[in-house]
Structures are given as structure tokens and as C-alpha cells.
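Residue numbers (UniProt numbering): 1 to 161.
Everything below concerns the one structure shown next.
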């Protein structure tokens, strides 16, 4: 066989192979959406949308870790995923009211036994003191209350003799 005749045949075979590989069918957005929805099905509060192979996640989750794991699941659901837009919002934990610190209330009552002319109220970790006190005893009272580690000691209700 002549080499000059063999080169065009080899070239045509290469072109035919390349065209067959490049014509491989792509997954549709609907099929891709189904696969991603299956991958993130553990969280019903997350919605999936797909356009041109780009997956968009939206909804709410409880933690940042859950958000990241859903994005990872969407990326690995199918090879046809070009990218993932993660619009998932992490819900803020509800703010619970500060419970009354019974230990603080008990400890304040113990300190106040040495100051019978005064009264103290504890609310949300703040000690508020009212009554009449001698100037020389204010420092002792303040130090004793500060040692209980409250959020704040309010002595504005005191009258000084």
C-alpha cells in the first residue's frame, strides 16, 4: 500500500472519531434537576432550579454545615452539573430569654445580710441595689457584688449618708 493513500484515510478516520465523541448527548435540565433533587431530598426546605446545567439551590437550613453539604451533594449528583449557585440561607438560632440565675440570687442574698438597710434585685444578671448606706461601706458592697460575676452592678439607687 502506498503511504500517500494511507494518510488521507487515517485523517478521515480521526475526524470521524472526533465527531462521534463531540456529538455525545448531553443530559437535559429536567433530568439534571431530578437527579439533584434526589441528592438533596433529605431537606424538604431546599428548592432546586436548573438552567443550562447551572444548578441553583434556595431555601433555608439550620446550620452552615448543612448548607455546605447540600451544595456538595448537588455538585456530585451528576457529571452534567456545570456549577452550583448556593442561595441557601442559614436561619439564625432563636434568641432565648436569659433564665433567672438562681445561684446569683442566692449569693446576692448572702452578701446583703451584711447590709440590712439595703435591698437588691437581680434581673437578667444585673444586680440593682437600693437603700441608704454610709460612704465608707460602698466600696465593700461593690467589691462583694462584683465578686459574684454579674453582668452589671447598678448602685444608682443608693443614697449616701
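Just so you know, even glycine gets a beta-carbon here, dropped at the ideal spot from N, CA and C.
C-beta atoms of residue i and residue j nearer than 7 Å
i           : j           : result
residue 89  : residue 56  : no
residue 32  : residue 78  : yes
residue 104 : residue 122 : yes
CA-to-CA distance, residue j to residue i, given in whole angstroms
i           : j           : result
residue 139 : residue 125 : 20 Å
residue 108 : residue 94  : 30 Å
residue 141 : residue 152 : 14 Å
residue 91  : residue 42  : 17 Å
residue 30  : residue 101 : 56 Å
residue 69  : residue 150 : 40 Å
residue 5   : residue 14  : 15 Å
residue 11  : residue 50  : 39 Å
residue 155 : residue 145 : 10 Å
Other residues of its chain near residue i: CB distance less than 7 Å, five sequence neighbours each side excluded
i          : result
residue 26 : 80
Close beta carbons around residue i, own chain, < 6 Å, minus the five adjacent residues each side
i          : result
residue 84 : 55, 71, 74, 75
residue 37 : 48
residue 82 : 53, 54
Boundaries (first-last residue) of the alpha helix (DSSP H) holding residue i
i           : result
residue 72  : 64-75
residue 105 : 102-112
In DSSP terms, what residue i is bridged to
i           : result
residue 128 : 121, 154
Own chain residues within Cβ distance below 8 Å of residue i, not counting five before or after
i           : result
residue 159 : 131, 132, 133
residue 39  : 73, 74, 76, 77
residue 119 : 112, 129, 130, 131
Where the beta strand (DSSP E) through residue i begins and ends
i           : result
residue 51  : 46-51
residue 138 : It is not in any beta strand (DSSP E) - residue 138 instead sits in the alpha helix (DSSP H) that spans 135-146.
residue 61  : 54-61
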